[in-house]
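In what follows, a single structure is set out as structure tokens and then discussed.
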Amino acid sequence: MIRKCTVHGYFRGRSCLQCKHPGRYLLDDSREEKLGRFISGTLRHFPESVGVEMDKRGWVNLNSFCEVIEKRYTWMRKEYLYALVESDRKGRYEIRDSRIRARYGHSVNIDLDYPESNLPYLYYGVSPEEIDVLLENGIFPIKQRYIHLSTSYEKAKEVALIHTENPFILQIDALKAHEDGISLKIATDYIALAEKIPPEYLFVVDD
Ligand SMILES: [Zn+2]
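Note that the working numbering has the sequence shown beginning at 289, numbered continuously upward.
Printed below as a string of structure tokens:
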């Protein structure tokens, strides 16, 4: 559920994370989930099929997107877009100048314009079945537009554990890769995006 604290803004759950005030009710769990799924699907995968126009950087006009959502869910209000975006702890979306976009997770062919990472290392978790193939061929996106790398070892492990029980964590020599002209874009505090990482920049981290 999403509620709004007059002091600290939108939040998920029953009380504000900062002042514990219950705030004002906006969306129940079911609507939050429906809206979340539709926004994620549209901004990452199928803008065209629902009649939403997306520019090369992944941006969509907030008002026209809202109209599209209203056709599907009559209870929709524009404020819910702000509520969903601002209360998202993973920072999945951003709103700027009356436009909205997903920050990562795209399968549509866009070209995101984030700042280049200056972190010395980035991390990527893989299953024991995949590790040899990746060390030999490097990392490439399969269905997604970009590979999603983690900004810390801990995050990479957390993400990998969702899909595999005993992940290997690969460390990427990000400074070297960057020097060699490989683009590594910082999408959120936890995620960097790349189009490919050749094998010479990959090392297995020992636990
Ligand atoms: Zn509060």
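The beta-carbon is built from N, C-alpha and C at its ideal position, and this holds for glycine as well.
Given LYS344 as reference, the closest of ILE460, ASP399 and PHE326 once Cα atoms are compared
Within the sequence shown, numbered from 1, the residue matching residue 344 stands at position 56. Closest by alpha carbon: ASP399.
Between the beta-carbon of LEU449 and the beta-carbon of GLY413, is there less than 9 Å?
Here the question's residue 449 lines up with position 161 in the sequence shown. Here the question's residue 413 lines up with position 125 in the sequence shown. GLY413 sits close to LEU449, with the two beta carbons spaced by under 9 Å.
Are at least three pairs of beta-carbons, each pair with one atom in the region 316 to 332 and one in the region 368 to 383, less than 8 Å apart?
Yes, since at least three Cβ pairs between the region 316 to 332 and the region 368 to 383 fall closer than 8 Å, the two stretches touch.
Can you check whether the C-beta of ARG377 is within less than 9 Å of a C-beta belonging to chain B?
Included in the structure is just one protein chain, with no chain B present.
Closest by C-alpha distance to HIS436, when choosing among HIS309, SER352, ILE460 and LEU350
Here residue 436 refers to the residue found at position 148 of the sequence shown. It is ILE460.
Taking only the alpha-carbon atoms, compute the straight-line gap between SER375 and GLN432 and give it to the nearest angstrom.
Sequence index remark: in the sequence shown, residue 375 carries index 87 (1-based). Sequence index remark: in the sequence shown, residue 432 carries index 144 (1-based). Those two C-alpha atoms are separated by around 25 Å.
Where does the unbroken beta strand (DSSP E) through CYS293 begin, and where does it stop?
Walking along the sequence shown from the start, residue 293 turns up at place 5. Where CYS293 is concerned, the enclosing beta strand (DSSP E) stretches over 290 to 293.
Pick out whichever of ILE290, GLN306 and LEU490 has its Cα sitting closest to the Cα of GLY324.
For the purposes of this step, residue 324 is identified with residue 36 of the sequence shown, where counting begins at 1. Nearest option by C-alpha distance: ILE290.
How many angstroms separate the CA atom of SER438 from the CA atom of VAL338?
Residue mapping note: residue 438 aligns to position 150 of the sequence shown, counting from 1. Residue mapping note: residue 338 aligns to position 50 of the sequence shown, counting from 1. Straight-line measurement puts the Cα of VAL338 at about 31 Å from the Cα of SER438.
Closer than 8 Å: GLY301 CB and nearest ligand 1 heavy atom
Here the question's residue 301 lines up with position 13 in the sequence shown. Flag unset: Cβ of GLY301 not near ligand 1.
In chain order, what residues place their C-beta within less than 7 Å of a heavy atom belonging to ligand 1?
Look at which beta carbons fall closer than 7 Å to any heavy atom of ligand 1; those residues are CYS293, VAL295, HIS296, CYS304, GLN306, CYS307, HIS309 and GLY311.
My understanding is that VAL492 touches LEU458, with C-beta atoms under 8 Å, so please give their C-beta distance in whole angstroms.
As a first step, residue 492 is located in the sequence shown; it is residue number 204 there, counting from the start. As a first step, residue 458 is located in the sequence shown; it is residue number 170 there, counting from the start. Contact flag correct, Cβ pair sits at about 6 Å.
Beta-carbon separation of ARG332 and SER395 under 9 Å?
Mapped onto the sequence shown, residue 332 falls at position 44. Mapped onto the sequence shown, residue 395 falls at position 107. Note that the C-beta distance between ARG332 and SER395 is below 9 Å.
I think TYR361 touches LYS322, with their Cβ atoms under 8 Å apart; what is that distance to the nearest whole Å?
Your numbering for residue 361 matches position 73 in the sequence shown. Your numbering for residue 322 matches position 34 in the sequence shown. Right, their Cβ atoms sit about 7 Å apart.
Apart from the five residues just before and just after ALA480, which ones in its own chain have a Cβ nearer than 7 Å to its Cβ?
For the purposes of this step, residue 480 is identified with residue 192 of the sequence shown, where counting begins at 1. Within the same chain, ALA480 has close Cβ partners SER405, LEU410, LEU437, THR439, LEU472, LYS473 and ILE474.
May I ask which residues mark the beginning and end of the beta strand (DSSP E) holding GLU418?
Taking the first residue of the sequence shown as 1, we reach residue 418 at position 130. Unbroken run through GLU418: none, as it is neither H nor E.
Residues of its chain near LYS292, where Cβ-Cβ distance is below 8 Å and the 5 sequence neighbours each way are ignored
Position 4 of the sequence shown, counted from the start, is the residue given in the question as residue 292. Closer than 8 Å at the Cβ level, and outside the excluded window around LYS292, lie TYR298, PHE299, GLY311, ARG312, LEU314 and ALA371.
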